[in-house]
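S.K.: Taken in order, these protein sequences are the chains called A, B, C and D. If you're matching positions, the first sequence starts at 0 in numbering that gives the first Met the number 0 and goes up one per residue. If you're matching positions, the second sequence starts at 0 in numbering that gives the first Met the number 0 and goes up one per residue. If you're matching positions, the third sequence starts at 0 in numbering that gives the first Met the number 0 and goes up one per residue. If you're matching positions, the fourth sequence starts at 0 in numbering that gives the first Met the number 0 and goes up one per residue. For reference, the structure I am asking about is given below.
There are 4 protein chains.
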Amino acid sequence: MAVQMNPDQLTQFLVEVFPQVHEDFDVMAVDEQTCEIALNVSERHLRPGNTVSGPSMFGLADVAAYLLILAQIGPKALAVTTNCSIDFMRKPAADKRIVAHGELLKLGRALAVVSVKIKSEGDPRVLAAAQLTYSIPPKG
Amino acid sequence: MAVQMNPDQLTQFLVEVFPQVHEDFDVMAVDEQTCEIALNVSERHLRPGNTVSGPSMFGLADVAAYLLILAQIGPKALAVTTNCSIDFMRKPAADKRIVAHGELLKLGRALAVVSVKIKSEGDPRVLAAAQLTYSIPPKG
Amino acid sequence: MAVQMNPDQLTQFLVEVFPQVHEDFDVMAVDEQTCEIALNVSERHLRPGNTVSGPSMFGLADVAAYLLILAQIGPKALAVTTNCSIDFMRKPAADKRIVAHGELLKLGRALAVVSVKIKSEGDPRVLAAAQLTYSIPPKG
Amino acid sequence: MAVQMNPDQLTQFLVEVFPQVHEDFDVMAVDEQTCEIALNVSERHLRPGNTVSGPSMFGLADVAAYLLILAQIGPKALAVTTNCSIDFMRKPAADKRIVAHGELLKLGRALAVVSVKIKSEGDPRVLAAAQLTYSIPPKG
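What follows is the structure, encoded as structure tokens:
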């Protein structure tokens, strides 16, 4: 089963729907099970100690899960996050992009669950790991 | 046991340590067990549908837990979030401040746990509820 | 709005539906927003160090959330847990009952969210705190 | 870096330390990053609808994380669970073993984080996914 939206279409969707933040994110790859979304780290994502803030990492995980789900069900659905649990394990370097690696665990009619691991680009260590649930509104 | 930092001291701490974001937050109240921290909702916190974004609510919960812990242990500690689980239940109105009501569940030597409920100002319904763990570095 | 099931009715429901475990639990109180459910600690709930096991506390939180929801919607609904996040903060004493204090945060058509704090009977300190989401199947 | 305990040693450790439950679990495999632990499903793990209970799956995830950590640090450490977030996605069949696939995300001096996916034996679909944090007491 092919995806409903490819990286270019997801990027165009971000531009239209999230004009405030779309420049923060790069849709690197997406398929039926996984995605890779990068955060272009800039000044306002940083915290003392020259590291990326927790809310920035949360926001990246949230966008990655959202785009992975939309890639499967198309742009029309108004999916909303209902739950996120995130573990912060290592401090990101401030001078590298951080990348969310999403994995679709479940795509049901009403709920979708995605696992996300965040890493600095080019570094295999997991900085943060999250599990997110999205509620998918009924068609109609 | 009195708090180590009152609302004015916590506000001053935010100004110094988080210059990018301190204007977003108002420290309304803090004591040995609880705190109330408001998010002054502005354009960049909003999402389509005229609601406050998930990362903004996450950021508010995170700051509220942080300040509640610092109020107990003082400004010298470099506490970091290790885990957050958050349930999003209702969409905030965009034209009201949202307020985090923090409750200290545990203040140990190494770990502190805080429960946070987020509500729109003047509305008793819980918009989002989070539990956060902070790691407190050893003294010395 | 009155509850659909009182403590006696919830207890009777447990006897019928969970014959393996109903004797573990006492339904102490329930109303439109809260419940109190006790775990009668016995040998198989214990762990080395004379404390109550994590899975026993998880099970208590899960039953408390379930009964609090059923009290509102009646026994016919086949609600299932979709998410639980639980923080373990203090070791329970093995010689006291532990009590789950549930609070209904949201009762929607499709999802319900409950916060649970677990304490030893007669001790105000929180041993564990959980947030649980239940999926409520559509009527049919 | 080799593990400190192999499957036989972990099994022997379970026999000694958890006499009530050791027969429930089979240590199938363990290395420096991963483990596979099976739950031998029996009557008391079941729920109406002929499925495995949530607390049984939680207990399996908890044991799997514990054994994966002990395999790295040896049997002397008294590690305790401080947090678990678990998503339940599909109902397990009652007539198959369920297997926890653990992955070590972080092994720090004070905290370890493990991701666990639970599947029915021979079925690739994820039934439940958890992230657990253990506190590792200081040496000495």
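We treat Cβ as the ideally placed atom computed from N, Cα and C, and that holds for glycine. It should be emphasised that the depicted structure is a prediction, and the values quoted were computed from it without experimental measurement.
Please name the residue in C/Pro74, C/Pro47, C/Ile85 and C/Asn49 whose C-alpha comes closest to that of leucine 59 of chain C.
M.R.: As a working note, residue 59 of chain C is residue 60 in the third sequence. Taking leucine 59 of chain C as reference, the option from C/Pro74, C/Pro47, C/Ile85 and C/Asn49 with the minimal CA-CA separation is C/Ile85.
S.K.: In chain order, which continuous runs of the alpha helix (DSSP H) of length 4 or greater are located wholly inside the stretch 21-83 of chain C?
M.R.: The qualifying runs are 53-72.
S.K.: By the DSSP assignment, the alpha helix (DSSP H) with leucine 15 of chain B in it spans what residues?
M.R.: Translated into the one-based positions of the second sequence, residue 15 of chain B becomes position 16. Sequence check: residue 15 of chain B is glutamate here, not leucine. That run of the alpha helix (DSSP H) goes 6-16.
S.K.: If contact means a Cβ-Cβ distance below 9 angstroms, which residues of the stretch 4-16 of chain A contact chain B?
M.R.: Listed in sequence order: Val16.
S.K.: Any residues in the stretch 33-50 of chain B with a beta carbon nearer than 7 angstroms to a beta carbon of chain A? Which ones, in chain order?
M.R.: Arg43 and Pro47
S.K.: Flag this pair as touching only if the stretch 94-112 of chain B and the stretch 93-107 of chain C have three or more C-beta atom pairs under 8 angstroms; answer yes or no.
M.R.: no
S.K.: Decide if the stretch 87-101 of chain B is in contact with the stretch 120-136 of chain B; the criterion is three or more beta carbon pairs, one per stretch, under 8 angstroms apart.
M.R.: Contact between the stretch 87-101 of chain B and the stretch 120-136 of chain B is present: 3 or more CB-CB pairs across the two stretches fall below 8 angstroms.
S.K.: Between the stretch 77-103 of chain C and chain D, which residues of the former have a C-beta closer than 9 angstroms to a C-beta of the latter?
M.R.: Taken in chain order, the members of the stretch 77-103 of chain C whose beta-carbon sits within less than 9 angstroms of a beta-carbon on chain D are Leu77, Val79, Thr80, Thr81, Asn82, Cys83, Ser84, Ile85, Asp86, Phe87, Met88 and Lys90.
S.K.: Just by C-beta distance, which residues in the stretch 48-77 of chain D are closer than 7 angstroms to chain E?
M.R.: Of the protein chains in the structure, A, B, C and D, none is chain E.
S.K.: Pick out whichever of C/Ser114, C/Ala99, C/Val112 and C/Leu131 has its Cα sitting closest to the Cα of aspartate 23 of chain C.
M.R.: Looking up residue 23 of chain C in the third sequence gives position 24. When only C-alpha atoms are compared, the closest one is C/Ala99.
S.K.: Secondary structure at aspartate 86 of chain D, three-state DSSP: helix, strand or coil?
M.R.: In the fourth sequence, counting from the first residue as 1, residue 86 of chain D sits at position 87. Looking at aspartate 86 of chain D - three-state DSSP - the assignment turns out to be strand.
S.K.: My assumption, with CB atoms under 8 angstroms, is that valine 29 of chain B sits in contact with leucine 77 of chain B. Please give the rounded CB distance.
M.R.: Walking along the second sequence from the start, residue 29 of chain B turns up at place 30. Walking along the second sequence from the start, residue 77 of chain B turns up at place 78. In fact, because the Cβ distance is near 19 angstroms, the residues do not count as touching under 8 angstroms.
S.K.: Quick one, are the C-beta atoms of valine 2 of chain D and alanine 64 of chain D less than 8 angstroms apart?
M.R.: Residue mapping note: residue 2 of chain D aligns to position 3 of the fourth sequence, counting from 1. Residue mapping note: residue 64 of chain D aligns to position 65 of the fourth sequence, counting from 1. No, Cβ-Cβ distance for valine 2 of chain D and alanine 64 of chain D is not below 8 angstroms.
S.K.: What residues in the stretch 103-127 of chain B have a beta carbon less than 7 angstroms from any beta carbon of chain C?
M.R.: Correct list: Leu104, Lys105, Val112, Ser114 and Val125.
S.K.: Can you check DSSP and say which residues form a bridge with alanine 145 of chain A?
M.R.: With chain A covering only 0 through 139, there is no way to say anything about residue 145 of chain A.
S.K.: Within its chain, find whatever has a CB closer than 6 angstroms to the CB of threonine 10 of chain A; leave out the 5 residues flanking it on each side and keep chain order.
M.R.: Residue mapping note: residue 10 of chain A aligns to position 11 of the first sequence, counting from 1. Closer than 6 angstroms at Cβ, skipping near neighbours: Val26.
S.K.: Take threonine 132 of chain B as the anchor and find which of B/Lys118, B/Ser114 and B/Pro74 has the nearest alpha-carbon.
M.R.: Here residue 132 of chain B corresponds to residue number 133 of the second sequence, with the count starting at 1. Of the candidates B/Lys118, B/Ser114 and B/Pro74, the one whose C-alpha sits nearest the C-alpha of threonine 132 of chain B is B/Ser114.
S.K.: Beta-carbon within less than 6 angstroms of arginine 43 of chain D's beta-carbon, same chain only, minus the 5 sequence neighbours each way: which residues are those?
M.R.: Residue numbering aside, residue 43 of chain D sits at position 44 when the fourth sequence is read from its first letter. Contacts found: none.
S.K.: Am I right that leucine 45 of chain D and arginine 96 of chain D are in contact with their C-beta atoms under 8 angstroms? What's the rounded C-beta distance?
M.R.: The residue labelled residue 45 of chain D in the question sits at position 46 within the fourth sequence. The residue labelled residue 96 of chain D in the question sits at position 97 within the fourth sequence. Leucine 45 of chain D to arginine 96 of chain D, Cβ: 13 angstroms. No contact.
S.K.: In this structure, how does DSSP classify glycine 146 of chain B when only helix, strand and coil are distinguished?
M.R.: The structure shown does not extend to residue 146 of chain B, since chain B is modelled only from 0 to 139, so the question has no answer here.
S.K.: Listing by chain order, which chain A residues have their CB less than 7 angstroms from the CB of glutamine 130 of chain D?
M.R.: Locating residue 130 of chain D in the fourth sequence gives position 131, counting from the first residue. The contacting residues are Ser84, Asp86, Ala128 and Gln130.
S.K.: Between cysteine 83 of chain B and lysine 116 of chain A, what straight-line distance do the alpha-carbon atoms span, to the nearest angstrom?
M.R.: Mapped onto the second sequence, residue 83 of chain B falls at position 84. Mapped onto the first sequence, residue 116 of chain A falls at position 117. Those two C-alpha atoms are separated by around 15 angstroms.
S.K.: So, isoleucine 135 of chain A versus isoleucine 72 of chain A, is the Cβ gap smaller than 8 angstroms?
M.R.: By one-based count along the first sequence, residue 135 of chain A stands at place 136. By one-based count along the first sequence, residue 72 of chain A stands at place 73. Contact: yes.
S.K.: Roughly how far, in whole angstroms, is the beta-carbon of proline 47 of chain D from the beta-carbon of valine 16 of chain C, given that I think they are within contact range, below 8 angstroms?
M.R.: Position 48 of the fourth sequence, counted from the first residue, corresponds to residue 47 of chain D. Position 17 of the third sequence, counted from the first residue, corresponds to residue 16 of chain C. Confirmed, Cβ separation roughly 6 angstroms.
S.K.: Report the rounded CA-to-CA distance for proline 6 of chain C versus threonine 81 of chain C, giving the unit in angstroms.
M.R.: On the third sequence, position 7 is the one that residue 6 of chain C refers to. On the third sequence, position 82 is the one that residue 81 of chain C refers to. Cα-Cα distance, rounded: 25 angstroms.
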